[in-house]
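Structure record follows, encoded as structure tokens.
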Amino acid sequence: MRTFTFIASCSLAVCVGGCISTQEMPLAPNVVRIDTQSRGYLFTGQTVPTTMRAAAKATLERGYSHFKFAEAALQQGSVVAGSVSSANANFNGTYGHGYYSGQASGFGSTSVVRAPTAGAAVTVIMFHANEPGAQGAFDAEQVQKQYSQ
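Numbered according to this note's numbering, the sequence shown spans residues 562 to 710.
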């Protein structure tokens, strides 16, 4: 039963203890910085799609149709999501006629549960369809369709 509890606790901490967030910072009228951070097995695989959707959305909201990435970076790692502990203690003793004797022993263990992390950081440069920079760039509407959930 303890093994099942340990496995269930680890699974819950790693899967549910996750999230994904995106921050956008304008750098110029046609340039934004997008940073996406994710944590947990259920979310780290969504880092790139989330970043692509955010870039397409930012492009269309500003009246542009195409975008390119500059200074793109990806990272992967892990964080401590929790710990699972167990302990056992035994005591044996006797008491009689004013005399007390005993023996105690104990054992404890802790396992650290780690959750994977991922991050993407990109600078998005936006273009109108008729500008030279739009050639070979991502089409924001197509990216939205491709990465829609």
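All residues carry an ideal CB built from backbone N, CA and C; glycine is no exception.
Notebook entry, point to check: When the Cβ atoms of the region 643-652 are set against those of the region 680-698, are three or more pairs found closer than 8 Å?
Noted result: These segments do not touch.
Notebook entry, point to check: If we call anything under 8 Å between Cβ atoms a contact, is Arg594 one with Ala676?
Noted result: Indexing the sequence shown from 1 puts residue 594 at position 33. Indexing the sequence shown from 1 puts residue 676 at position 115. Against a cut-off of 8 Å, the Cβ pair of Ala676 and Arg594 comes out as no contact.
Next item on the list: Measure from the alpha carbon of Pro587 to the alpha carbon of each residue in Arg614, Tyr602, Val640 and Arg623, then state which is nearest.
Entry: Start at 1 with the first residue of the sequence shown, and residue 587 comes out as number 26. The shortest C-alpha separation from Pro587 is found at Arg623.
Check: What separation, rounded to the nearest whole angstrom, lies between the Cα atoms of Gln703 and Leu621?
Finding: Along the sequence shown, read from residue 1 onward, the residue named residue 703 stands at position 142. Along the sequence shown, read from residue 1 onward, the residue named residue 621 stands at position 60. About 11 Å.
Margin query: For a cutoff of 8 Å on Cβ pairs, would you count Val685 as touching chain B?
Written below: Here chain B cannot be found, since the structure has a single protein chain.
Notebook entry, point to check: For His627 versus Ala695, is the C-beta spacing smaller than 8 Å?
Noted result: Residue 627 sits at position 66 when you count from the first residue of the sequence shown. Residue 695 sits at position 134 when you count from the first residue of the sequence shown. A contact, by the Cβ cut-off of 8 Å.
Notebook entry, point to check: Does the beta-carbon distance from Lys629 to Ala698 come in below 8 Å?
Noted result: Working through the sequence shown from its first residue, we reach residue 629 at position 68. Working through the sequence shown from its first residue, we reach residue 698 at position 137. In contact: Lys629 and Ala698 (Cβ atoms closer than 8 Å).
Next item on the list: Tell me Gly669's beta-bridge partners as DSSP assigns them.
Entry: The residue you call residue 669 lines up with position 108 of the sequence shown. Paired residue(s): Ala648.
Margin query: For Arg614 and Gln584, I'd like the C-alpha separation in whole angstroms.
Written below: Within the sequence shown, numbered from 1, the residue matching residue 614 stands at position 53. Within the sequence shown, numbered from 1, the residue matching residue 584 stands at position 23. The C-alpha of Gln584 is placed about 12 Å away from the C-alpha of Arg614.
Notebook entry, point to check: Given that a residue counts as buried once 16 or more other Cβ atoms are within 10 Å of its Cβ, and exposed if not, what is Thr608?
Noted result: Reading the sequence shown from its first residue, position 47 is the one you call residue 608. When all chains shown are included, Thr608 counts as buried.
Next item on the list: Report all residues from its chain with a CB closer than 6 Å to the CB of Ala634; omit the five preceding and five following residues, and keep chain order.
Entry: The sequence position of residue 634 within the sequence shown is 73, counting from 1. Taken in chain order, the residues that qualify are Ala682.
Notebook entry, point to check: Using DSSP with H/G/I as helix, E/B as strand and the rest coil, what is Leu603?
Noted result: For the purposes of this step, residue 603 is identified with residue 42 of the sequence shown, where counting begins at 1. Coil.
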